[in-house]
Amino acid sequence: MQNILYVGSAWSSSWSVVGWMACRLGGLPVEMRRIFLSRPDSPPKLRAVSPSGRVPVLHLAGRPDEAEAGMVLWDSLAIAEWLWERDPGCGIWPQDPARRAYARCVAAEVHSHFDEVRNGLPMNLIKRWPLRDGLPSNVKLMNRPGVRAGTERLEAIWRDARARWGGPYIAGAEFCFADAVLAPMCSRYVTYGVELATDSMDFIATQMESPLMQAWLARAEAEADEVGRDIVLMYP
């Protein structure tokens with residue numbers, strides 16, 4: 000039997016990115032199974048595999064005599080913590096306790112908050128936002144309730160992290176789960192062509208150019224070719 004990670008579409012399911020990166024950082028081999036999230040048959044398919052009706056959700060294999068055999072993990076942060084407990088030497092969290100505590104704080108905050116940014120700037124890794132009505136539409140989107148305030152908080156996190164640990168990632172030189180949570184957030188500013196301060200744009204570029212994000216972007220491009228780019232560009 001094999002571990003199975005259920006995900007949504009690669010170009011638009013931001014939490015799926017996080018769950019997949021967690022498995023990669025934790026060194027857990029998984030079989031990926033995709034469930035599209037915006038189709039009439041999506042809800043029953045999701046409920047059949049996920050207690051929350053959401054993705055990502057990880058179904059663990061293992062031998063029948065193992066306590067974790069058949070266990071289901073239906074939250075990306077829970078997946079990451081289980082992987083770290085399984086192997087504290089893996090790449091989920093930094094090995095240094097201070098950096099690890101800091102990375103956990105960042106991951107927990109981003110995991111729990113910033114819904115206004117997510118809803119105001121929906122993730123689409125393929126789309127690039129056009130001009131509309133003579134005004135850059137990213138200006139309109141940034142003025143949606145909570146988007147600008149959330150963005151300012153994200154920028155404050157990035158600046159504080161680099162001032163403390165030197166970068167290029169959240170806790171220093173190594174990409175960890177806190178970066179996995181932030182990578183799809185960063186992608187939104189690329190999609191909508193939002194220009195932030197120079198140091199913020201540098202952090203965003205670092206996240207987008209990380210090996211794991213590049214691998215996921217390749218998956219999104221392949222899916223767009225499979226599904227049809229005209230369909231992909233309809234979302235959001």
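Residue numbers for the sequence shown follow numbering that gives the first Met the number 0, beginning at 0 and rising by one. Yeah, the Cβ is synthetic: ideal placement off N, Cα and C, and Gly gets one too. Just so you know, these numbers come straight off a predicted model, no measurement behind them.
Collapsed DSSP secondary structure at residue i in the structure displayed
i	result
LEU4	strand
ILE112	With the sequence shown as reference, residue 112 is identified as His, and Ile is not the correct amino acid for it. Coil.
ARG117	helix
VAL231	helix
LEU57	strand
MET70	coil
ARG99	helix
ARG23	helix
MET141	helix
ARG46	helix
ARG38	coil
ARG85	helix
Cβ-based neighbour list, residue i, same chain, cut-off 6 Å, excluding 5 preceding and 5 following
i	result
SER11	MET122, ASN123 and TYR234
CYS89	GLY25 and GLY26
GLU30	GLN1 and ILE3
Contacting residues, own chain, Cβ-Cβ under 8 Å from residue i (five flanking each side not counted)
i	result
GLU115	ARG143, PRO144, GLY145, VAL146, ALA148 and GLY149
Cutoff 7 Å; reference residue i; Cβ partners in own chain excluding five residues on either side
i	result
SER186	MET122, LEU124 and MET207
VAL109	VAL180, LEU181 and MET184
PRO42	GLY52
LEU216	LEU124
Anticipated Cβ contact below 8 Å, residue i with residue j, distance rounded
i	j	result
ARG117	SER13	7 Å
LEU140	TYR191	6 Å
ALA214	ALA9	Incorrect: roughly 10 Å between the Cβ atoms, too far for contact.
ASP198	ARG158	6 Å
PHE176	TRP92	6 Å
TYR5	PRO39	Rounded, the Cβ-Cβ distance is 18 Å, inconsistent with contact.
Residue i: CB within 7 Å of a non-hydrogen atom of the ligand FAD
i	result
ARG163	The ligand FAD is not part of this structure, which contains no ligands at all.
Quiz item: Are there three or more Cβ pairs, one per stretch, closer than 8 Å when the segment 68-82 is compared with the segment 45-54?
Solution: Yes: at least three Cβ pairs fall under 8 Å.
Quiz item: What alpha helix (DSSP H) runs, 4 residues minimum, are completely inside the segment 144-227?
Solution: The segment 144-227 contains, as complete alpha helix (DSSP H) runs of 4+ residues, the segments 146-164, 176-190, 197-207 and 210-226 (chain order).
Practice problem: Examine the Cβ distances between the segment 162-173 and the segment 101-117 and report whether three or more of them are shorter than 8 Å. | Solution: When C-beta atoms of the segment 162-173 are compared with those of the segment 101-117, three or more pairs fall below 8 Å, so the two segments count as touching.
Quiz item: Would the segment 18-38 and the segment 169-188 be scored as touching if the rule is three or more Cβ pairs under 8 Å?
Solution: Because the criterion of three Cβ pairs below 8 Å is met, the segment 18-38 and the segment 169-188 touch.
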